[in-house]
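Going letter by letter, the sequence shown gives residues 2 to 238 in this note's numbering.
This report refers to the structure that appears directly beneath it.
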Amino acid sequence: MQRFRASFLTLAITVSLLLWASIATTPAMAANVQFDFTGIVTSVTGDSVGIQSQYGIQMGSVLTNGLFRLDHGSATRLDALNFPGTYSIPVDKLSLTLGNLIVDNLGQNIPSSAGSLAVSHSSSNDSYLIITAFNNNANVLLGALAIELSDGDGTYLTNLPQLPTGPPALGSFTSRTFRLDLFTNGNTVPQGTVTGIIAPVPLPPAVILFGAGLVGLAGLGARNWRQRTAQPSLPEA
Numbered sequence: 002m003q004r005f006r007a008s009f010l011t012l013a014i015t016v017s018l019l020l021w022a023s024i025a026t027t028p029a030m031a032a033n034v035q036f037d038f039t040g041i042v043t044s045v046t047g048d049s050v051g052i053q054s055q056y057g058i059q060m061g062s063v064l065t066n067g068l069f070r071l072d073h074g075s076a077t078r079l080d081a082l083n084f085p086g087t088y089s090i091p092v093d094k095l096s097l098t099l100g101n102l103i104v105d106n107l108g109q110n111i112p113s114s115a116g117s118l119a120v121s122h123s124s125s126n127d128s129y130l131i132i133t134a135f136n137n138n139a140n141v142l143l144g145a146l147a148i149e150l151s152d153g154d155g156t157y158l159t160n161l162p163q164l165p166t167g168p169p170a171l172g173s174f175t176s177r178t179f180r181l182d183l184f185t186n187g188n189t190v191p192q193g194t195v196t197g198i199i200a201p202v203p204l205p206p207a208v209i210l211f212g213a214g215l216v217g218l219a220g221l222g223a224r225n226w227r228q229r230t231a232q233p234s235l236p237e238a
């Protein structure tokens, strides 16, 4: 009996990630916002044997060389609602390594309209979500990359009258997540989703490799993820 259908295959890989943001210091590049991240796989569900064979991704696999650079200064409004809203935003560069999946400077394969930045504010929650939907013609195994920061107190954007032009302070958010959608067969067949949590400061090497505290963080991230998936999804670019 067939174990699963490819079109319905869902792989959930929980990754503990650490991420920090920075702005280029030269005046000409002042609008560029760069996220650097790394992490470790803490759980795999779905076709774990097939995923390990195809991607070399398994329990304990380390995500390295993560880089996501975007241009706040070139954001274009996608909706007609009040601030904050959803914007089309160029992705200048994207790189990461996970198992034998190596992405190097993928920004050159990302259409200028494929990136979106959704910033929302309410009395009960603020969120900062960047999504890149990749060109299906690109020779890559990725469908989308998303980084979401969420503030359950709704205080991060309270006094901001316009789109933030710099990277948000991770300490302002209570939930920090990462999602990577994987495809196969020429980027047409859904293969699975890598999800994870983001830490505001680098974790000690012993914790990254062996720490039991990482499992507790993964459980917290999973609960936050289930809560978010129960809400309406933000539109992709």
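Every residue, glycine too, gets a C-beta built ideally from N, C-alpha and C.
Alpha carbon to alpha carbon, how far is residue j from residue i? Give it in angstroms, no decimals.
i           : j           : result
residue 128 : residue 54  : 36 Å
residue 175 : residue 152 : 5 Å
residue 71  : residue 130 : 12 Å
residue 36  : residue 66  : 11 Å
residue 143 : residue 80  : 26 Å
residue 60  : residue 149 : 23 Å
residue 178 : residue 40  : 12 Å
residue 194 : residue 52  : 11 Å
residue 100 : residue 147 : 19 Å
residue 50  : residue 44  : 13 Å
residue 117 : residue 64  : 23 Å
Across which residues does DSSP place residue i in a beta bridge pair?
i           : result
residue 179 : 148, 197
residue 119 : 87, 130
residue 79  : DSSP lists no partner for residue 79.
residue 103 : 98
residue 50  : According to DSSP, residue 50 bridges with nothing at all.
By Cβ distance, which residues of its chain are closer than 8 Å to residue i, with the 5 residues on each side in sequence left out?
i           : result
residue 145 : 132, 133, 134, 135, 180, 181, 182, 237
residue 104 : 95, 96, 97, 98, 141, 143
How should residue i be labelled, buried or exposed, when 16 other C-beta atoms within 10 angstroms of its C-beta is the threshold for buried?
i           : result
residue 58  : buried
residue 90  : buried
residue 125 : exposed
residue 34  : buried
residue 196 : buried
Got a sec? Which residues, its chain only, sit under 6 Å from residue i by beta carbon, not counting five neighbours each side?
i          : result
residue 75 : 91
residue 62 : 42, 100
Starting from the C-beta of residue i, find all residues in its chain whose C-beta is less than 7 Å away, skip the five residues before and the five after it, and write them out in chain order.
i          : result
residue 56 : 100, 101, 102
residue 78 : 86, 88
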